[in-house]
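Notes to accompany the following structure.
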Amino acid sequence: MHVDQVLLLLLNSLSLKSHKLVLSWYSVNLWQEQAFTLMLANKLITPVSKAKTIQCRYCEKNCTLDVIPHSYPNKTRYYAVCEEPIMHEQVGRMTIPPEQLKQWQITIKQLAVLIAELLGLSSDISYKADQKSISLGALSSKAGRKSVVLNVEPLTLVVNQSILPINELLYFDLNSSNKLMLDKAKIDHAINIKQPPTAKNYSPNIDKKELRKAKTQAMYQSWQEEYEKLKRENPNKPNQPKKTKGWYAYKISKMPIAQGGSAANITRVLKN
Numbered sequence: 010m011h012v013d014q015v016l017l018l019l020l021n022s023l024s025l026k027s028h029k030l031v032l033s034w035y036s037v038n039l040w041q042e043q044a045f046t047l048m049l050a051n052k053l054i055t056p057v058s059k060a061k062t063i064q065c066r067y068c069e070k071n072c073t074l075d076v077i078p079h080s081y082p083n084k085t086r087y088y089a090v091c092e093e094p095i096m097h098e099q100v101g102r103m104t105i106p107p108e109q110l111k112q113w114q115i116t117i118k119q120l121a122v123l124i125a126e127l128l129g130l131s132s133d134i135s136y137k138a139d140q141k142s143i144s145l146g147a148l149s150s151k152a153g154r155k156s157v158v159l160n161v162e163p164l165t166l167v168v169n170q171s172i173l174p175i176n177e178l179l180y181f182d183l184n185s186s187n188k189l190m191l192d193k194a195k196i197d198h199a200i201n202i203k204q205p206p207t208a209k210n211y212s213p214n215i216d217k218k219e220l221r222k223a224k225t226q227a228m229y230q231s232w233q234e235e236y237e238k239l240k241r242e243n244p245n246k247p248n249q250p251k252k253t254k255g256w257y258a259y260k261i262s263k264m265p266i267a268q269g270g271s272a273a274n275i276t277r278v279l280k281n
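With this note's numbering, the residue at position 219 of the sequence shown is 228, and numbering never jumps.
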């Protein structure tokens, strides 16, 4: 399978499998070598512990068999035994090469971290398996900060109330860097769309708590940016009363970006 096909397969499968997808040696062995190398190098997939079961391929039943490790002085060998009497007589104890027990995984949290990094946002992501969405932070737009949320089911990025499928945003730059990339043109277009106040484009699966968190983060970031701007425009000078954080917060509280926040609340949020 080609790189683009593998990426699409992983994203679509992850969307169906919820928060985690484990890949066997056999499934990865169907990929082109370049595809495996790029997925691993870009941390889309990461190694996990050896498989404890294996799918038997000696007959059409493809039974799932337990892997039995046996330790020798210098190495560990792995075996599997077919439970079908006839096949057991024909095959006996099967030796499993250790490399065929290798596994890799891709998780929603891994993907969220990668997308956050590609957007220049914090990669400090918290996620629980039952979450329907993850707040990634906020991006600057012509109209201020806009929240970015990764929706888990289906796998989409919600930017400024626009819903963008992840499988249409991520791609590999095979012409130069071989790096995982994000379609910044689509992101920029979505972030700068002027949405009507009554827009209802959010997916019903988006966790309301995460959405509120994302909006709050965007508001706080707007306050911080305005604070930095005011400090540059109104610096403290000798022989003048010192402008405190509260002074700047009061100025911000009178602006639309305050969204009803009091000077005291804004002061607590601002960082020096």
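Ideal Cβ placement from N, Cα and C applies to all residues, glycine included. Nothing here was measured: the structure is a model prediction, and the numbers come from that model.
Classify residue i as buried or exposed, calling it buried when 16 or more other Cβ atoms lie within 10 Å of its own Cβ.
i	result
residue 269	exposed
residue 213	For residue 213, the predicted structure reports a pLDDT of 46, less than 50, and the residue's modelled location is therefore unreliable. The matter cannot be settled from this model.
residue 124	buried
residue 228	buried
residue 55	exposed
residue 14	exposed
residue 238	exposed
residue 39	exposed
residue 276	buried
residue 271	exposed
residue 146	buried
residue 95	exposed
residue 248	exposed
residue 8	Residue 8 is absent from the model: the chain starts at 10 and stops at 281.
residue 231	buried
residue 169	buried
residue 235	buried
residue 199	buried
residue 44	buried
residue 281	exposed
residue 207	Reliability fails at residue 207, whose pLDDT of 48 lies under 50, so the model's placement of it is uncertain and the value that follows must be treated cautiously. Exposed.
residue 16	buried
residue 107	exposed
residue 160	buried
residue 226	buried
residue 85	exposed
residue 165	buried
Can you give the beta carbon distance from residue i to residue j, rounded, assuming they're within the 8 Å contact cut?
i	j	result
residue 187	residue 47	6 Å
residue 21	residue 274	At roughly 44 Å, the Cβ-Cβ gap does not stay under 8 Å, so residue 21 and residue 274 are not in contact.
residue 126	residue 135	Not quite, the Cβ-Cβ distance comes to about 16 Å (not below 8 Å), so this is no contact.
residue 223	residue 158	5 Å
residue 178	residue 195	6 Å
residue 266	residue 129	The pair is not a contact, with the Cβ atoms about 21 Å apart (cut-off 8 Å).
residue 102	residue 88	5 Å
residue 24	residue 163	5 Å
residue 181	residue 12	5 Å
residue 57	residue 114	5 Å
residue 243	residue 251	So it is not a contact: roughly 12 Å between Cβ atoms.
residue 110	residue 90	Contact flag wrong, Cβ pair sits at about 15 Å.
What are the boundary residues of the alpha helix (DSSP H) that residue i is part of?
i	result
residue 255	254-262
residue 196	193-200
residue 143	No alpha helix (DSSP H) contains residue 143, which is instead part of the beta strand (DSSP E) from 142-150.
residue 274	272-278
residue 47	42-50
Which first and last residues belong to the beta strand (DSSP E) in which residue i is found?
i	result
residue 64	62-64
residue 36	Per DSSP, residue 36 belongs to no beta strand (DSSP E); it is in the alpha helix (DSSP H), 34-37.
residue 159	153-160
residue 172	171-174
residue 136	Note, residue 136: premise wrong, no beta strand (DSSP E); not H, not E.
residue 163	No beta strand (DSSP E) contains residue 163, which DSSP labels as neither H nor E.
residue 183	First-last for residue 183: undefined, no H or E at that position.
residue 56	55-57
Could you tell me if the beta carbon of residue i falls within a distance shorter than 7 Å of some heavy atom in the ligand NAD?
i	result
residue 182	Looking for the ligand NAD in the displayed structure turns up nothing, as the structure carries no ligands at all.
Cβ contact (3+ pairs, closer than 8 Å) linking the segment 28-45 and the segment 112-121: Because the criterion of three Cβ pairs below 8 Å is met, the segment 28-45 and the segment 112-121 touch.
Could I get the ranges of all uninterrupted alpha helix (DSSP H) runs contained in the segment 67-117, with 4 residues as the minimum, in chain order? As far as the segment 67-117 is concerned, its whole alpha helix (DSSP H) runs of at least 4 residues are 94-100.
Check whether the segment 58-67 touches the segment 134-153, taking contact to mean three or more Cβ pairs, one atom from each stretch, closer than 8 Å. Contact fails: fewer than three Cβ-Cβ distances are below 8 Å.
With a threshold of 8 Å, are at least 3 pairs of Cβ atoms found where one atom belongs to the segment 256-269 and the other to the segment 231-248? Because the criterion of three Cβ pairs below 8 Å is met, the segment 256-269 and the segment 231-248 touch.
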